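Visitor: So the sequence lines, in the order shown, correspond to chains A and B. With the numbering used here applied, the first sequence covers 44 to 521. With the numbering used here applied, the second sequence covers 67 to 499. Glycine included, every Cβ here is placed at the ideal spot set by N, Cα and C. These figures come from a predicted structure and were not determined experimentally.
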Amino acid sequence: MGELRKCQVLVVGAGPGGYVAGIRSGQLGLDTIVVEGDKAGGTCLIRGCIPSKAMIHAAERFESLSRHASEGGHMGISVSGEPSLDMSALVSWKDGIVERLNKGVEGLLKAAGVELVKGWANFTSSNRCLVETSDGTIEIEAENVILATGSSHIDLPFMPCDEEFILSSTGALDLKNLPKKVAIVGGGYIGLELGCALAKLGSEVTVVEGMDSILGIFDKELRRPLEIWLKKHGVIVHTNSLARGAEVKGKGASKKVELKFEKGGEEHTLKVDKVLVTVGRSPNTRDWGLEKTGVRMDATGRFIRIDRQCRTNVPGVYAIGDVSGEPMLAHKASAQGEMVAEIISGLDREFDKVSIPAIVFTEPEVVSVGLLPDEAEERGEAVIIGKFPLAANGRALTLEAEKTGGFVRVVARESDHVILGIQAVGSHVAELHGEFILALEMGALLEDIAETVHAHPTMTEAFHEGVLKTLGHAIHSA
Amino acid sequence: MGTYEFKLPDIGEGVVEGEVVTWHVSVGDKVSEDDPLVDVMTDKATVTIPSPTDGVVSSLSGDVGDMIAVGTTLVEFELEGSSGGSEEAVEEESAPVEEPVEEESAPVTESQPIEEKAAKASPPKISPPPPEIKAPAIAGKKSGSILASPAVRRRARESGVDLSGLSGSGPAGRIRHADLDAFLAGGGSVMGAAPTAYSTKRTEITEVKVVGLRRKISEQMVKSAFSIPHFSYFEEVDVTELEELRQMLNSSRSPEQPKLTYLPFIMLALSKIMPEHPECNGHFYDDSGVVHRHSAVNLGIATQTERGLYVPVVKHVESLDIWDSASELIRVSGAARDGTASLDDLTGSTFTITSLGREGGLGATPIINHPEMSILGVHKARDMPVVRNGQIVVRRIMNLSSSFDHRVVDGADGASLIQHLKRMLEHPALIFM
Numbered sequence: 044m045g046e047l048r049k050c051q052v053l054v055v056g057a058g059p060g061g062y063v064a065g066i067r068s069g070q071l072g073l074d075t076i077v078v079e080g081d082k083a084g085g086t087c088l089i090r091g092c093i094p095s096k097a098m099i100h101a102a103e104r105f106e107s108l109s110r111h112a113s114e115g116g117h118m119g120i121s122v123s124g125e126p127s128l129d130m131s132a133l134v135s136w137k138d139g140i141v142e143r144l145n146k147g148v149e150g151l152l153k154a155a156g157v158e159l160v161k162g163w164a165n166f167t168s169s170n171r172c173l174v175e176t177s178d179g180t181i182e183i184e185a186e187n188v189i190l191a192t193g194s195s196h197i198d199l200p201f202m203p204c205d206e207e208f209i210l211s212s213t214g215a216l217d218l219k220n221l222p223k224k225v226a227i228v229g230g231g232y233i234g235l236e237l238g239c240a241l242a243k244l245g246s247e248v249t250v251v252e253g254m255d256s257i258l259g260i261f262d263k264e265l266r267r268p269l270e271i272w273l274k275k276h277g278v279i280v281h282t283n284s285l286a287r288g289a290e291v292k293g294k295g296a297s298k299k300v301e302l303k304f305e306k307g308g309e310e311h312t313l314k315v316d317k318v319l320v321t322v323g324r325s326p327n328t329r330d331w332g333l334e335k336t337g338v339r340m341d342a343t344g345r346f347i348r349i350d351r352q353c354r355t356n357v358p359g360v361y362a363i364g365d366v367s368g369e370p371m372l373a374h375k376a377s378a379q380g381e382m383v384a385e386i387i388s389g390l391d392r393e394f395d396k397v398s399i400p401a402i403v404f405t406e407p408e409v410v411s412v413g414l415l416p417d418e419a420e421e422r423g424e425a426v427i428i429g430k431f432p433l434a435a436n437g438r439a440l441t442l443e444a445e446k447t448g449g450f451v452r453v454v455a456r457e458s459d460h461v462i463l464g465i466q467a468v469g470s471h472v473a474e475l476h477g478e479f480i481l482a483l484e485m486g487a488l489l490e491d492i493a494e495t496v497h498a499h500p501t502m503t504e505a506f507h508e509g510v511l512k513t514l515g516h517a518i519h520s521a
Numbered sequence: 067m068g069t070y071e072f073k074l075p076d077i078g079e080g081v082v083e084g085e086v087v088t089w090h091v092s093v094g095d096k097v098s099e100d101d102p103l104v105d106v107m108t109d110k111a112t113v114t115i116p117s118p119t120d121g122v123v124s125s126l127s128g129d130v131g132d133m134i135a136v137g138t139t140l141v142e143f144e145l146e147g148s149s150g151g152s153e154e155a156v157e158e159e160s161a162p163v164e165e166p167v168e169e170e171s172a173p174v175t176e177s178q179p180i181e182e183k184a185a186k187a188s189p190p191k192i193s194p195p196p197p198e199i200k201a202p203a204i205a206g207k208k209s210g211s212i213l214a215s216p217a218v219r220r221r222a223r224e225s226g227v228d229l230s231g232l233s234g235s236g237p238a239g240r241i242r243h244a245d246l247d248a249f250l251a252g253g254g255s256v257m258g259a260a261p262t263a264y265s266t267k268r269t270e271i272t273e274v275k276v277v278g279l280r281r282k283i284s285e286q287m288v289k290s291a292f293s294i295p296h297f298s299y300f301e302e303v304d305v306t307e308l309e310e311l312r313q314m315l316n317s318s319r320s321p322e323q324p325k326l327t328y329l330p331f332i333m334l335a336l337s338k339i340m341p342e343h344p345e346c347n348g349h350f351y352d353d354s355g356v357v358h359r360h361s362a363v364n365l366g367i368a369t370q371t372e373r374g375l376y377v378p379v380v381k382h383v384e385s386l387d388i389w390d391s392a393s394e395l396i397r398v399s400g401a402a403r404d405g406t407a408s409l410d411d412l413t414g415s416t417f418t419i420t421s422l423g424r425e426g427g428l429g430a431t432p433i434i435n436h437p438e439m440s441i442l443g444v445h446k447a448r449d450m451p452v453v454r455n456g457q458i459v460v461r462r463i464m465n466l467s468s469s470f471d472h473r474v475v476d477g478a479d480g481a482s483l484i485q486h487l488k489r490m491l492e493h494p495a496l497i498f499m
């Protein structure tokens with residue numbers, strides 16, 4: 044057996060939950076070790092949020108260049124000659140960003156006095172684990188353990204990803220060439236974000252979704268502008284359709300993959316260059332000795348069971364982020380990580396957030412904080428709802444953000460005007476969510492927003508107007 | 067269309083009536099099968115009664131607070147044609163409109179089978195799906211969390227203030243820093259007072275209707291206190307050795323074993339000595355003048371819940387070891403607190419323990435859980451200076467309060483039980499012999 048290291052806080056996983064927990068523990072003067080088998084930054088930074096947003100931005104750039112290069116140009120700007128795409132150069136540009144952030148995370152951990160141990164942890168008891176590092180096996184014994192092992196792509200058993208023809212999101216972010224035709228199995232946010240980007244880059248995209256609509260977490264009104272965009276850009280969407288299998292056919296460079304799916308009792312076949320499988324993510328609860336920790340799972344058996352302080356049933360063992368439950372979102376994990384570090388340091392904290400914001404970076408973008416109108420009604424709330432179209436917002440027009448009927452929608456309790464939920468759909472609306480979520484956390488009333496001056500000309504005026512609309516007196520909308 | 071009378075079904079062993087606590091429907095509401103109709107509270111628990119059918123509510127019997135006997139009509143429904151026998155309904159629809167006689171008679175023939183079914187079918191079939199036991203809904207409670215900024219929430223948490231009990235002075239009752247200041251300045255007792263409240267006289271009177279569980283508790287207390295001549299007895303117990311044992315067991319327990327408090331030891335000790343004190347364990351039915359001395363030791367555990375006092379029961383403590391006792395104690399009191407306790411969890415106690423531990427206190431006069439004959443109150447253990455062999459030493463002391471039904475338990479018998487218990491707790495090895 045190698046050396047035995049003792050520490051006050053052991054964080055397993057250096058994703059957005061784990062590395063934040065590590066940095067905060069370090070700041071609070073706790074002797075902290077973070078164990079990570081891959082690069083620091085986790086799914087979010089290495090093969091999720093960040094790289095996908097880089098690709099999405101590049102695709103956006105490519106699409107506008109194509110418009111300027113098209114016959115007659117656009118907004119009086121013409122570019123002669125077609126823009127050309129070098130996919131591997133695009134991927135290396137993206138890798139550059141990822142690299143920079145990865146080094147940034149490592150630097151931050153170091154600056155906070157946290158040791159980053161590279162290797163996969165394997166627990167032998169609730170507070171001890173073995174880590175195989177390049178310098179041999181070390182054993183770590185911790186007073187407190189923070190489990191932040193994250194989640195992984197779910198494979199379809201009958202068509203597992205080979206990352207060559209059948210891709211997960213990871214493979215889709217490392218393409219060498221732009222596929223001419225792509226089929227996306229699973230119309231959730233991951234598939235649609237990548238689908239929109241590929242469509243902008245020029246791929247012919249088909250989405251195969253098992254439920255009766257794409258992006259089922261949102262309501263019809265909120266999905267509508269995205270559905271219009273997809274339609275306008277030739278993205279074919281098959282709903283109520285179940286993938287049945289995929290087979291690689293042909294030889295050499297002309298190899299294609301045939302996707303079979305069932306729709307309305309009929310079997311369909313789709314010949315494409317790549318199939319992208321985005322049917323969800325599942326928490327990483329295997330192969331690291333979870334069973335040795337004595338930590339219990341929740342009622343579904345999928346996630347580690349935690350309380351409002353992220354404590355598991357085992358004293359001194361905490362779980363945060365994707366492995367501890369929905370929503371599986373980076374910012375939730377980070378907030379939990381920060382909180383747990385503070386709890387361990389002796390501060391009294393509780394995860395009492397009013398809402399965790401959800402954003403989908405499709406074209407147009409979709410944002411939701413708090414309750415959707417349906418959800419509010421299900422809770423027995425009598426609500427008033429105001430919807431303000433981006434087409435009536437000056438700044439949105441100058442940015443071409445209103446495109447396919449985007450809007451800001453406000454849901455408030457009728458009796459006391461407390462804001463219960465805010466949704467927006469349109470280009471660039473993601474950045475509006477900061478004010479939305481602040482309004483919810485502060486317990487804002489419609490009047491609080493109405494009485495706040497929003498600068499002109501900005502898209503934030505659309506929120507102000509949405510609130511006025513809810514109160515029945517929007518200025519720029521009838 | 068037909069009508070369907072829904073009668074209060076038999077909701078559990080020996081329950082003959084229930085009190086209406088909350089109506090979930092009102093006249094004119096369209097309901098589907100299994101929709102909650104009404105919360106009814108019985109001696110044992112609060113039960114939500116689901117609708118046995120689809121239909122429209124045409125009348126309700128009983129206001130909140132009324133007692134309803136099992137078998138009385140609770141709700142009348144107008145049934146839609148199609149919710150009856152479906153074949154008949156099709157026939158009815160296809161019948162020519164010109165034959166009013168047949169059309170008028172249709173509802174009668176259609177409603178009869180349903181009523182007959184209601185009357186004849188065996189209870190499990192017609193009675194609604196198993197009643198779920200739950201906390202009565204708190205009327206007017208808003209969904210979502212407390213209305214306060216994150217900074218106020220954090221400060222409240224750090225000051226140990228539960229904001230759910232405060233109503234703020236901000237718009238829509240938003241709790242502001244000033245509200246928290248006022249609350250803290252008032253020693254945490256100025257509930258929801260606005261900062262301006264210092265100079266204002268308070269004249270408000272809040273009327274609280276004594277209904278539901280609170281009324282049950284009130285009735286039960288009156289019965290216990292005025293039909294049973296209580297004899298109370300106090301003693302202090304040196305639990306220094308017990309504490310050492312408890313600490314040792316807690317530090318060496320395996321992860322799946324629960325943390326031990328004093329209670330499981332007391333429970334186990336009682337189960338051990340009860341055969342020598344049979345007059346204290348069981349029920350006295352004063353109407354018929356019979357005492358049932360029980361050989362089983364089923365310990366009621368008085369539990370404070372958000373809804374009021376519950377007494378969930380740990381059954382057959384004589385057959386449990388220390389870990390089982392502790393687990394079962396945690397389970398039943400947890401179930402009582404979160405409203406998931408089954409009827410079985412809430413009935414059958416032969417002796418009750420009320421733990422006054424957390425709040426401290428030197429003594430109390432616990433009220434016997436009628437028709438039981440004894441109750442034991444356990445107080446907080448604390449380090450005290452005591453004299454041992456002429457020296458003042460620090461020992462861990464716990465006070466016990468107890469009450470007995472003096473009609474059937476003599477003072478000497480009650481005292482003897484407590485003295486026996488004291489010996490067991492002071493020499494904890496005896497508990498395990």
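Taking any Cβ of chain A, which residues in the stretch 214 to 237 of chain B have a Cβ under 7 Å from it, in chain order?
Guide: A214, S215, P216, R219, R223, E224, P237
Visitor: For Q323 (chain B), name the three-state secondary structure that DSSP assigns.
Guide: Three-state DSSP puts Q323 (chain B) in coil, outside helix and strand.
Visitor: If you measure from the beta carbon of K200 (chain B) to each beta carbon in chain A, is any gap under 9 Å?
Guide: Unreliable placement is indicated for K200 (chain B), whose pLDDT of 40 sits below 50; the coordinate value is still reported in the next sentence. For K200 (chain B), the answer is no, since every Cβ of chain A falls outside 9 Å of its Cβ.
Visitor: Evaluate contact between the stretch 387 to 401 of chain A and the stretch 476 to 492 of chain A, counting only Cβ atoms and requiring at least three cross-stretch pairs below 8 Å.
Guide: yes
Visitor: Between the C-alpha atoms of M464 (chain B) and A447 (chain B), what's the straight-line distance to the nearest angstrom?
Guide: Taking the CA atoms as reference points, M464 (chain B) sits about 4 Å from A447 (chain B).
Visitor: Which residues, in order along the stretch 317 to 336 of chain B, keep a beta-carbon less than 8 Å from a beta-carbon of chain A?
Guide: P321, E322
Visitor: Give the range of the alpha helix (DSSP H) segment to which S393 (chain B) is assigned.
Guide: 388 to 404
Visitor: Within 9 Å of any Cβ in chain A, is that where the Cβ of G239 (chain B) sits?
Guide: yes
Visitor: Taking H276 (chain A) as part of the beta strand (DSSP E), name the residues at either end of that continuous run.
Guide: It is not in any beta strand (DSSP E) - H276 (chain A) carries neither H nor E in the DSSP assignment.
Visitor: Determine the direct distance from the alpha carbon of R266 (chain A) to that of V322 (chain A), and round the result to whole angstroms.
Guide: 18 Å
Visitor: If we count the other Cβ atoms within 10 Å of its Cβ and call it buried at 16 or more, is A498 (chain A) buried or exposed?
Guide: Exposed, because fewer than 16 other Cβ atoms sit within 10 Å of the Cβ of A498 (chain A).
Visitor: Shortest alpha-carbon distance to V320 (chain A) belongs to which of A:I347, A:L199, A:D217, A:G332?
Guide: When only C-alpha atoms are compared, the closest one is A:L199.
Visitor: Using the three-state DSSP reduction, which class does E71 (chain B) fall into: helix, strand or coil?
Guide: Here DSSP, grouped into helix, strand and coil, assigns E71 (chain B) to strand.
Visitor: Run down chain B in chain order and give the residues with a C-beta less than 7 Å from the C-beta of V461 (chain A).
Guide: L213, A238
Visitor: If contacts are defined as beta-carbon pairs under 8 Å, then F350 (chain B) and V474 (chain B) qualify, I think. What distance do you get, rounded to the angstrom?
Guide: F350 (chain B) to V474 (chain B), Cβ: 5 Å. Contact.
Visitor: Taking the alpha-carbon positions, what's the Y376 (chain B) to L53 (chain A) distance?
Guide: Rounded to the nearest angstrom, the two C-alpha atoms are 42 Å apart.
Visitor: Give the DSSP-derived three-state secondary structure of Q352 (chain A) in the structure shown.
Guide: In the three-state DSSP reduction, Q352 (chain A) falls in the coil class, being neither helix nor strand.
Visitor: Near H281 (chain A), which residues of its chain fall below 6 Å by C-beta distance, leaving aside the five closest residues on each side in sequence?
Guide: V251, K306
Visitor: Counting Cβ pairs, one atom from each stretch, are 3 or more of them under 8 Å apart for the stretch 128 to 146 of chain A and the stretch 267 to 280 of chain A?
Guide: Put simply, the stretch 128 to 146 of chain A does not touch the stretch 267 to 280 of chain A. Fewer than three CB pairs are less than 8 Å apart.
Visitor: When the Cα atoms are used, what is the spatial distance from K275 (chain B) to A362 (chain B)?
Guide: 39 Å
Visitor: Just by C-beta distance, which residues in the stretch 284 to 306 of chain A are closer than 7 Å to chain B?
Guide: none
Visitor: Look at the alpha carbon of A536 (chain A) and the alpha carbon of V426 (chain A), and state the distance between them as a whole number of angstroms.
Guide: The question about residue 536 (chain A) has no answer here: the residues shown for chain A are numbered 44 through 521.
Visitor: Taking only runs of the alpha helix (DSSP H) that begin and end inside the stretch 161 to 221 of chain A, which ones reach a length of at least 4 residues, in chain order?
Guide: Restricted to the stretch 161 to 221 of chain A, the alpha helix (DSSP H) segments that are unbroken, complete and at least 4 residues in length are 212 to 215, listed in chain order.
Visitor: Please determine, among B:N364, B:E394, B:G405, B:L422, the residue with the shortest C-alpha to C-alpha distance to G374 (chain B).
Guide: B:G405
Visitor: In the DSSP assignment, the beta strand (DSSP E) including I363 (chain A) goes from what residue to what residue?
Guide: Unbroken run through I363 (chain A): none, as it is neither H nor E.
Visitor: Would DSSP call H296 (chain B) helix, strand or coil?
Guide: In the structure shown, H296 (chain B) falls within a strand segment according to DSSP collapsed to helix, strand and coil.
Visitor: For L514 (chain A), decide whether its Cβ has a neighbour in chain B, counting only Cβ atoms nearer than 9 Å.
Guide: Under the Cβ distance rule, L514 (chain A) does not count among the residues neighbouring chain B, no pair being separated by less than 9 Å.
Visitor: In chain order, what residues of the same chain have a beta carbon less than 8 Å from the beta carbon of E492 (chain B), not counting five sequence neighbours either side?
Guide: V303, D304, V305, E307, L308
Visitor: How close, in whole Å, do the beta carbons of L514 (chain A) and L489 (chain A) come, if the pair is a contact with beta carbons under 8 Å?
Guide: Beta-carbon to beta-carbon, L514 (chain A) and L489 (chain A) are separated by about 5 Å, close enough to satisfy the 8 Å threshold.
Visitor: Under a CB-based cut-off of 9 Å, is T356 (chain A) close to chain B?
Guide: With the sequence shown as reference, residue 356 (chain A) is identified as Asn, and Thr is not the correct amino acid for it. Yes, its Cβ sits closer than 9 Å to a Cβ of chain B.
Visitor: Is it buried or exposed for N327 (chain A), if we count other Cβ within 10 angstroms and need 16 for buried?
Guide: Classification of N327 (chain A): buried, given that the 10 Å Cβ count is 16 or more.
Visitor: Could you tell me if R452 (chain A) is buried or exposed, where buried requires 16 or more neighbouring beta carbons within 10 angstroms of its beta carbon?
Guide: buried
Visitor: Counting Cβ pairs closer than 8 Å, one from the stretch 70 to 87 of chain A and one from the stretch 145 to 160 of chain A, do we hit at least three?
Guide: yes
Visitor: In terms of residues, what are the limits of the alpha helix (DSSP H) holding D138 (chain A)?
Guide: 130 to 154
Visitor: What is the DSSP secondary structure of H497 (chain A), counted as helix, strand or coil?
Guide: coil
Visitor: Where in the stretch 398 to 472 of chain B do unbroken runs of the beta strand (DSSP E), each at least 3 residues long, occur, reported from the N-terminal end onward?
Guide: DSSP runs (the beta strand (DSSP E)) wholly in the stretch 398 to 472 of chain B: 417 to 421, 440 to 444, 448 to 454, 457 to 471.
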